[in-house]
Structure formats: structure tokens, C-alpha cells
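J.:
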Amino acid sequence: MAQVRVRFAPSPTGAPHIGSLRTALFVWLWARHSGGKFILRVEDTDQKREVENGLELIMDSLRFLGLDWDEGPDIGGAYGPYVQSQRLPIYHAHAQQLISSGHAYYCYCTPERLEQMRREQQARGEPTRYDLRCRFLSPAERAAHERAGDAKVVRLAVPQEGKTTLHDFIHGDLTIANKDVDDQVLIKSDGFPTYHFAVVVDDHLMQISHVMRADEWIPSFPKHVLLYQAFGWDIPMHGHVPDVLGPDKKKLSKRHGATSVIQFRDEGYLAEALVNFLALVGWSYDDKTEIFTRQQLIDLFTLDKIGHAPAVFDHTKLDWMNGYYIRALPDDELATRLLPFLERAHLHADAATVRELIPLVRARLKKLSDIVALADYIFVDDLEYAVQSLIGKSDPTTALAALRAAQATLEKYPSFADEEKIEAELRVDAEQLGQKNAQFFGVLRVAVTGRTVSLPLMGSMRVLGREKTLPRIARAIARLENKA
Ligand code: GLU
Ligand code: ZN
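Residue numbers (the working numbering): 2 to 485.
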């Protein structure tokens, strides 16, 4: 087999959609599995839809997932440029080639005429399509349009008979009668190529071996196949990969929550989890194995195991997988990844403290961002809570007695590392005061964490250390004394 060359060809229209990155992952896995090349090409021919940092968002998303490319806009390659707006002369030359060979023609119809035509077709209940007027202009009529300098587009002259077939390696043969295919525009009046034209020219010139794109593009196959045929080019292998749907079986969209990889990253999903999860959205190894390392995916990924039914994006499964990968991270690595989430929440967190927290939080994290809600009290200077929550269902005197006893015990310890020993002694304190553990430790918990529910209390005190814990208890005592 010739070298595998595959491409991810997004349009820079915003933070890339997770479904689009799923397709990119399949393409990347195929390249890495087969020792081929993964090419990044930017399809920016629809300038109206473009956003300014579109390319950065694409590259950030790929980098985050670890999908590295061998040729692309930033690193170049032998088949560049890799940005379509920098390839306009190439498209023009190829359009000319088709015009000369009689496979394409100039169309001078005004937008008003086309609109009128569409309305009439709709009124008659016909499919809307170009009525071929300019395909059959006489040389004199054509010359008149040219003399008048009329705006024009280039259209493909689709054969009016026969049928067109694409051999899709996922769906089998897709066939359509040519009489049902529109004379599509190849070059727009602004001189930019349409997506369909540019994609075929580029896939050919860049020697793409396999084209993989989402199912939603299936209706476009005749446009592409007819172009390959008009040029007399070989058609690369084609596979339409399953669309990504929300749980309601509608196309995954903002209604279903986060949709861009950047959002998932910022919510605290691990790249490892996303890659594993996305690989199983439309691909499966044996219908049961769920956890795959990146290397296993590369080793096992084959095209015949891509499904043809639309795939559902199961958020619950992603959360489960993310928790799995979080629990699998070494302590230091998890701490390193958590720190930025605390910093972004404007907490003065430091690496050493976060590292100490790991045993307390690891099993409780579904997403890295959960660390903020779980552990913010560790890092704030002044805890905010109502005095009443110290008292709870008891009374100020009882609460004060508990805190004073705890304070006396804790002051004896230079470090709070020996959680078990300290806890045992505090239990004795509670007993001597005639207080239930729930009462005694409940007051202490609020004093130390500001909350009635928190990470384990003894562990919290260990992480906070003497220097932070004792002032918190002293402050709670002072507040209760004011109250009493
Ligand atoms: N630019 C197209 C997109 O963003 C590429 C589709 C294809 O792979 O041909 O969907
Ligand atoms: Zn026309």
C-alpha cells in the first residue's frame, strides 16, 4: 500500500467542536497506526464565518489532546501552503483546466435571478437547483457578459446521464443518479473556491490516501466524486465516520453542555480521558473493553472497526472515565495539574500544599476543577461562616467548651502529621466533656473549615498545619465569646 497520508481539515470558525476532534482523533490514530503522515490543513475559504484566533484554537485543541501533526500551517511541509486562502492561484489554475476541458463553465447569473429561480422551484414543489442557463450560453452571449464585466462564478458541468458512486469503506457503495446532482459552484464571485472544490484539489495535490469526514457530509459525495472524475484523478479511499449525537439523539450541541475541547479542558477533563473516551465514540475494539492507553489505541485502531451508526456522546461515561484517569495519576502529576485550577479561582495555592491534599481529594474528583469547591477553604485567609453554624443545635457554652478543649490538645502538638494519635486524644476530650463525637468534631470542623461538610477534618488540619489551624480555632472561640 502507498504511504498513508491523512488530514484533519477544520474551518477556523471558533473553538473546535468535540465531534470534529473525535474525527481528528480517528484520522490521527490511523496515521500513527500505519506509520503514515497526519496533516493539518486550514479550510478558511468561507471568510464570513472565520474568527480571528481560529487557527490558534484549533492547534491548542489538538495539542491538548496530544494529536501532533507532521505537516501544517505552522511547520510547513512538502505540499504547502496548508492554509487554503494562501492557495487561491492553485484553485484558479485548476478551475481553468476544467473550463478548458469542457467540465466547467462561467455562470453570470445575478443573486437576484438565482433567488427568483429558487422561489419558483419551491412554489412548484421541485428541489432547488441551478437551472443550467449559463451552461448553454452561445459564444456571443458569453462575450457580451464578459464585455459588460459581469460578476461570475465557475460551475461544474455535471453529466446529465449516468450515475455516480463512491465506495465508502464504512458505508459501502453510495450511489446517486447524475440528473439529481446540481451544477455546483467551484469558484465564488469573490474569487474564493467553494469548500467542495478546494477540498478535492487539495486532497489530490497533497496526496491524501484516506479521506475521513463525518457522516453529515455524505450528501456531498457526488460533488467530490464528479470532480475527481472531471480531472481524471484517482479517488482516495473515503470513509464517512459516525456523527456525534447528544443523549436525545440530536446532533451534539450547546444544549447538551460543553461542546468544545477547550471547554472540556477548562472544566478539568484530562486529555488521557478525552482521548480514550472519544476513541470509543464511533469505534470499538471488542464491544467491551473501555480503558485503552494511547499506545493501545494506536496499536489496535483499524478502519474496519469504525461503526456506521451515529454515536452517542455519553457524558456520564466521560465523567466516570475522567475519574478513573484522575485516580491513576501519580500524586505529583495530579498536584501539578490541579494547581492552575486553584490559581484561576484566585486562591493562593502552592504546589507543596496541593501535594499534601492529594490523598484527601483524589477519590472525590470527577474533574480537576472540582478541587476548587472541595478545597478552597484550605487556601483562604479568612474563613467566612455564620457564628450560628458553630453552635448548630447546641448552645454557645457547649461549643466553646469543645473548642477550648480541642485548642488545648492541639497546642501540645508541634505538627499535625500523626492524625490518628491526635484524633484519639480529641475523642478523649469529647468524652470528658460529656459531648458526643458528632457534636464535638462538628464544632471543630466549622472552626477549621468554615463548613459543616468538608474533606476529612483530621486530614484538613494536617494540611493546614499548626500555623493555620490554631488561629482559626482561636478566632472561632473569640466569636463565640462575643456571642455568649
Ligand atoms: N472544512 C471541513 C469541515 O470543517 C472539512 C470536512 C472534510 O474533512 O472534508 O468540516
Ligand atoms: Zn448562470
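Backbone N, C-alpha and C fix where the C-beta goes; we use that ideal spot for every residue, glycine too.
A quick note: this is a predicted structure, and the numbers were derived from the prediction, not measured.
1. Within 7 Å: the Cβ of Arg130 and any heavy atom of the ligand ZN?
2. What did DSSP end up calling Met238 once you bin it into helix, strand or coil?
3. State the CB to CB distance for the pair Arg23 and Val212, rounded to an integer number of angstroms; the pair is presumed to be in contact (CB under 8 Å).
4. Under the DSSP definition of a beta bridge, which residues are partnered with Trp284?
5. May I ask whether a heavy atom of the ligand GLU can be found less than 7 Å away from the beta carbon of Pro11?
6. Please list, in chain order, all residues of the same chain as Lys153 whose beta carbon is under 8 Å from its beta carbon, the five residues on each side excluded.
7. Pairs of beta-carbons, one from the segment 195-215 and one from the segment 3-17, closer than 8 Å: are there three or more?
8. Which same chain residues, not among the five before or five after Pro13, have their C-beta less than 7 Å away from its C-beta?
9. Under 6 Å from any heavy atom of the ligand ZN, by CB: list those residues in chain order, please.
10. Kindly indicate which residue of Phe137, Ser254, Glu344 and Phe170 has the alpha-carbon position closest to the one of Arg214.
11. Can we count Tyr196 as close to the ligand GLU, meaning its CB is less than 7 Å from some heavy atom?
12. Exposed or buried, which one is Ser416 when buried takes at least 16 other CB atoms within 10 Å?
13. Should the segment 64-78 be called in touch with the segment 24-40, which here means at least 3 C-beta pairs below 8 Å?
14. Look up Asp203 in the DSSP assignment and give the residues it is bridged to.
15. Could you tell me which residues DSSP puts in a beta bridge with Arg214?
16. Return yes when the C-beta of Val7 is under 7 Å from any heavy atom of the ligand GLU, and no when it is not.
17. Could you check if Arg88 belongs to the surroundings of the ligand GLU, using beta carbon to heavy atom distance under 7 Å?
18. According to DSSP, simplified to helix, strand and coil, what is Leu167?
19. What residue does the beta strand (DSSP E) around Phe293 start on, and which one ends it?
20. Where in the segment 65-105 do unbroken runs of the beta strand (DSSP E), each at least 3 residues long, occur, reported from the N-terminal end onward?
21. Here's the rule: buried if 16 or more other CB atoms are within 10 angstroms of the residue's CB, otherwise exposed. What is Ile292?
22. Mind checking who Thr46 pairs with in its DSSP beta bridge?
23. Hey, would you say Ala350 sits closer than 8 Å to Leu404, going by beta carbons?
24. Confirm the yes/no value for this check: CB of Val154, any heavy atom of the ligand GLU, distance under 7 Å.
25. Thinking C-alpha only, which one of Phe278, Leu157, Lys252 and Val242 is nearest Gln230?
26. Determine which residues share a DSSP beta bridge with Ala178 and list them.
27. Quick one: is the Cβ of Arg120 within less than 7 Å of any heavy atom of the ligand GLU?
28. List the whole-angstrom C-beta distance separating Val355 from Leu366, where the pair is believed to meet the contact cut-off of C-beta under 8 Å.
29. Counting C-beta neighbours from all protein chains within 10 Å, is the total for Ala409 16 or more, i.e. buried, or is it exposed?
30. Is it right to say His197 is buried, meaning 16 or more other beta carbons lie within 10 angstroms of its own, or is it exposed?
31. Can you tell me the Cα-Cα spacing of Ser285 and Ser21, whole angstroms?
32. With DSSP collapsed to three states, give me the class of Arg136.
33. Hey, would you say Ala448 sits closer than 8 Å to Ile474, going by beta carbons?
34. How far does the alpha helix (DSSP H) with Val464 in it extend, from its first residue to its last?
35. So who's on the other strand from Leu246, going by DSSP bridges?
36. Using the beta-carbon count (16 or more within 10 Å), is Ile76 buried or exposed?
T.: Answer, in terms of the structure:
1. no
2. strand
3. 16 Å between Cβ atoms; not a contact.
4. Ile307
5. yes
6. Tyr107, Cys108, Tyr109, His146 and Ser190
7. yes
8. Val43, Asp45, Glu51, Val52, Gly55, Leu56 and Ile59
9. Cys108, Tyr109, Cys110, Arg134 and Cys135
10. Phe170
11. yes
12. exposed
13. yes
14. Answer by DSSP bridge pairing: none, since Asp203 is not bridged.
15. His241
16. no
17. no
18. strand
19. Note, Phe293: premise wrong, no beta strand (DSSP E); not H, not E.
20. none
21. exposed
22. DSSP lists no partner for Thr46.
23. no
24. no
25. Leu157
26. Lys164
27. no
28. Between Leu366 and Val355 the Cβ distance is about 12 Å, and since that is not below 8 Å, they are no contact.
29. exposed
30. buried
31. 18 Å
32. helix
33. yes
34. Leu458 to Lys484
35. Lys252 and Val313
36. exposed
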